[in-house]
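Peer 1: Input: one structure, supplied below.
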Amino acid sequence: MNPKAYFRMGCFLGFLGFVGLFIEWACPPVYGQDRGRLASMVHQFKDDPRGPWAAIRWFCPDGTVLPASSRCSSPGGIQHAVPKTTVQRLAEEEGLYWGQILAGTPVNDFLDADRYFSRLKQYQMERYLQRVDDGWILRKARYYRGAIQFEDESAWGVDFLQNVLADNRLVETQFFLLRQAVRDIPHFVDDNRWQLIRSQSQTIAEAFPDFMPLRIKLHGQPEPDDAARLKAFLADRKTLDPQLRSDIQALTRALEEAYGSDGSERLRALARRLPKNIPSRKRLSDILEQQNLSVGESDVNRLADRWTHLADLLTHIRRDIRQMPTPTHRLALMDLSLAVEEVLFLETTPWRPATVGELLRKIAIVARGCAGAGYLEMWEWRQVAPLFAGIETESGVDLNALAAIADMSRRIVEWGAAMTRAHYRATVERYETFEPQARGFVDDRIRASLLLPLGEAVSQLQGVIAAFGTSASYMMDLSDTGRMRGLNPGYALGTLRVLDRVDVHTMFSENSIYVMPHAPPDLKPVAGIATVSEGNLVSHVQLLSRNLGIPNAILSEADLNSLRAYSGQTVFYAVSPGGTVIMKPAESMT
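Next up, the structure:
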């Protein structure tokens, strides 16, 4: 890339930074309720068999609301829980929506576009908390019979998603958010499979009442972990009737098939929901006609061809979606996009390129996939795509070109992470005041995306450049700094702490600079970081460092051992944007 191109790219990146700052200014977090009171409410709901809900009611087509024991006078009524008075007050006065039930919710109220889609994002946050914290405020309420009807939630989800996807402006300006919503909102179309699962679970519960809590869970909030719950249920009951054991095993297999079907089969099933003349369906058919190789096969080029086509398909889907004739087809195409990303994620994550050429090809493929999946805007991808053009065919690349590719690839990872943070920052900051586990939401989203294999590949490329380049790093009086490289720029003054091991009991200080084998999963803000492992750009420590401007570098185990002699000293520590690392005693600074 010539100097003018670098200048233009610098202007472009500066503009992106301005956009990010504007989003943060335009979407400020709103706080009101005392954080202690909210945290107390969360704990109370976790121990409450009804959680945030007060009772079960029937909601009839004519607008009447009846007790659970009654029935609507005409068909079309839905049954679900109603929130406690305190929960209703939170929604009305604070804009906090806990224990949301989708069925019956007006589409525009849930979308909440006037408040930057806050209610939709809170639903996604709550789904995350339920997954990582054993149900969160629904810990016991998951088994509150009749609180949530999965069929009604799914039917509402289909209607909601088709409504928002019918809006061309929303699809154009909020592609990333809508795609994430499709990922989180239930909208199963394979009703026969789920009808079978529900009927099987009901039959088992009628024959064996101890199974009722699991039956209620499967009817109201099925999820992939339910198969493991059923296996644990069987393991705890060695003397269960053989027929019941066989029935539960069959139900377990049905759940595993529902959530763990073969990637190619899932893609074929989704393609059948699209008109035959849609270009994306034809492209997918061409990909699936090719031999479905596994990552362990020796013909890496054929595998890479498959992944290239899948990444291309993601970008084509993103372009095709507005051309779909109906919202039903748009939803089918969005489902296909998510499935393609999952297949690409599962197949490229274990790929360990053996040469620099393969590594560059992996970066080009996954970066293109990230653009198609919405982690970059398409105009952003058009700006950087020329740098990757020809990578797959070039026989050699000089070190300067490699450095340019590595720098731009690192920026793509950062843009993708910033896209996620920009959308959910206000929601995370609001929830973490009363629920600390909310801090992991953005990291979880990023590491479950194509940004994970891309970050790994870019980190590997940076290591290659460091190995062949001349290091300008200086760390105390270490003689060999060739394997040391900066990962996140920044500078700090603090006490050097060299740790041989890290566990849950390790105490960290925000005024210290830590050199350690690896960072703990819940590392709190510190002055500086250097680790032997975890070089992936989207690991927890990297995301934390980038968010807070903490200098961060990777070094060798020998470097860690050499630095042990300086532990306890006050040092100056800096990492440059180019990866140069400097550490020296504070007393030697001018």
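Numbered by numbering that gives the first Met the number 0, the letters in the sequence shown go through residues 0 to 589 in order.
Glycine residues also receive a C-beta, built at the ideal position from the N, C-alpha and C atoms.
(1) Around the Cβ of residue 314, are there at least 16 other Cβ atoms within 10 angstroms (buried) or fewer (exposed)?
(2) Let me know the beta strand (DSSP E) ranges lying completely inside the region 445-525, each 3 residues or longer, listed in chain order.
(3) Should residue 523 be labelled buried (16 or more other beta-carbon atoms within 10 Å of its own) or exposed?
(4) Between the Cα of residue 494 and the Cα atoms of 483, 486 and 513, which residue gives the shortest distance?
(5) Mind checking residue 151: buried by the 16 CB within 10 Å criterion, or exposed?
(6) Determine the closest residue to residue 486 out of 251, 282 and 412, with distance taken between C-alpha atoms.
(7) Using the Cα positions of residue 248 and residue 142, report the straight-line distance between them to the nearest angstrom.
(8) Please classify residue 106 as buried or exposed, where buried requires at least 16 other C-beta atoms within 10 Å of its C-beta.
(9) Have a look at residue 311 and residue 449 and give me their C-alpha separation to the nearest angstrom.
(10) Please list the segments of the alpha helix (DSSP H) lying wholly inside the region 261-325, counting only runs of 4 or more residues, in order along the chain.
(11) Cβ of residue 450 versus every heavy atom of the ligand HEM: is any distance shorter than 7 Å?
(12) For residue 503, is the classification buried or exposed, using 16 other Cβ atoms within 10 angstroms of its Cβ as the cut-off for buried?
(13) If you measure between the beta carbons of residue 176 and residue 116, is that distance less than 8 Å?
(14) On the DSSP letters alone, give me the boundaries of the beta strand (DSSP E) that residue 568 sits inside.
(15) Hey, residue 352 and residue 361 are a contact pair by Cβ (cut 8 Å); roughly how many whole angstroms apart?
(16) Which class does residue 588 belong to by DSSP, given the choice of helix, strand or coil?
(17) For the region 378-389 against the region 444-461, are there 3 or more C-beta pairs whose distance is under 8 Å?
(18) With the cut-off set at 8 Å, would you say residue 203 and residue 254 are in Cβ contact?
(19) Look up residue 139 in the DSSP assignment and say whether it is helix, strand or coil.
(20) With three or more C-beta pairs closer than 8 Å as the rule, is the region 435-444 touching the region 398-415?
(21) Give me, in chain order, the residues of the same chain whose beta-carbon lies closer than 6 Å to that of residue 562; leave out the 5 immediate sequence neighbours on both sides.
(22) Whose CA, out of 43, 424 and 284, lies closest to the CA of residue 339?
(23) Is residue 174 closer than 8 Å to residue 373 when the C-beta atoms are compared?
(24) Quick one: what's got a C-beta closer than 7 Å to residue 289's C-beta in the same chain, skipping five residues either side?
(25) In whole angstroms, what separates the C-alpha of residue 584 from that of residue 472?
(26) Is residue 48 helix, strand or coil by DSSP?
(27) Among 576, 500 and 309, which one has its Cα closest to the Cα of residue 410?
(28) Run the CB neighbour count on residue 422, radius 10 Å, all protein chains shown included, and call it buried at 16 or more, exposed below.
(29) CB residue 136 to CB residue 50, shorter than 8 Å?
(30) Please give the ranges of any alpha helix (DSSP H) in the region 210-261, keeping only runs that are unbroken, at least 4 residues long and fully inside the region.
(31) When burial is assigned at 16 or more other CB atoms within 10 Å of the CB, is residue 163 buried or exposed?
(32) Does the distance from the C-beta atom of residue 80 to that of residue 52 stay below 8 Å?
(33) Please report the distance separating the alpha-carbon of residue 355 from that of residue 405.
(34) Between residue 102 and residue 155, which are expected to be in contact by the criterion C-beta below 8 Å, what is the C-beta distance as a whole number of angstroms?
(35) Leaving out five residues on either side along the sequence, give the residues of the same chain with a beta carbon under 7 Å from the beta carbon of residue 265.
(36) Where residue 586 and residue 476 are concerned, what is the direct C-alpha to C-alpha distance, given to the nearest angstrom?
Peer 2: According to the structure shown:
(1) Burial of residue 314 is indicated by the presence of at least 16 other C-beta atoms within 10 angstroms of its C-beta.
(2) Those beta strand (DSSP E) runs which fall completely within the region 445-525 and span 3+ residues are 484-487, 489-497 and 511-515.
(3) By the 10 Å Cβ count, residue 523 comes out exposed.
(4) The residue from 483, 486 and 513 with its alpha-carbon nearest to that of residue 494 is 513.
(5) Buried, since its Cβ has 16 or more Cβ neighbours within 10 Å.
(6) Among 251, 282 and 412, the Cα nearest to that of residue 486 is on 412.
(7) Between residue 248 and residue 142, the C-alpha separation is close to 21 Å.
(8) Counting the other Cβ atoms within 10 Å of the Cβ of residue 106 gives fewer than 16, which makes it exposed.
(9) Straight-line Cα distance between these residues: approximately 14 Å.
(10) Qualifying alpha helix (DSSP H) stretches, in chain order: 262-270, 278-288 and 299-319.
(11) Ligands in the displayed structure: none, and consequently the ligand HEM is not present.
(12) It counts as exposed.
(13) Residue 116 sits close to residue 176, with the two beta carbons spaced by under 8 Å.
(14) For residue 568, no beta strand (DSSP E) run applies, since DSSP gives it neither H nor E.
(15) With 8 Å as the limit, residue 352 and residue 361 qualify as a contact, their Cβ atoms being about 5 Å apart.
(16) Of the three classes helix, strand and coil, the one that applies to residue 588 here is coil, per DSSP.
(17) The region 378-389 vs the region 444-461: no contact.
(18) Result no, Cβ atoms of residue 203 and residue 254 do not sit closer than 8 Å.
(19) Residue 139: coil per DSSP, three-state reduction.
(20) For the pair of segments examined, the region 398-415 was found not to touch the region 435-444: the number of CB pairs separated by less than 8 Å stays below three.
(21) Excluding the 5 residues flanking it on each side, residue 562 has same chain C-beta neighbours closer than 6 Å at 497 and 514, in chain order.
(22) For residue 339, the closest of 43, 424 and 284 by C-alpha to C-alpha distance is 284.
(23) Contact annotation: residue 373 and residue 174 have beta-carbon atoms nearer than 8 Å.
(24) If we look at residue 289 and ignore the five residues flanking it on each side, its Cβ neighbours are 305.
(25) Approximately 15 Å between the Cα atoms of the pair.
(26) Look at residue 48 here: in three-state DSSP terms it is coil, with no helix or strand label.
(27) Closest by alpha carbon: 576.
(28) Here residue 422 is buried, its C-beta having at least 16 other C-beta atoms within 10 Å.
(29) A contact, by the Cβ cut-off of 8 Å.
(30) The region 210-261 contains these whole alpha helix (DSSP H) runs: 211-219, 225-234 and 241-259.
(31) Using a 10 angstroms sphere on the CB of residue 163, the tally of other CB atoms reaches 16 or more, which defines it as buried.
(32) Yes, these two residues count as a Cβ contact at 8 Å.
(33) The alpha-carbon atoms of residue 355 and residue 405 are separated by roughly 12 Å.
(34) Correct: roughly 5 Å between the Cβ atoms.
(35) Only 338 meet the Cβ criterion.
(36) So the alpha carbons of these two residues sit roughly 14 Å apart.
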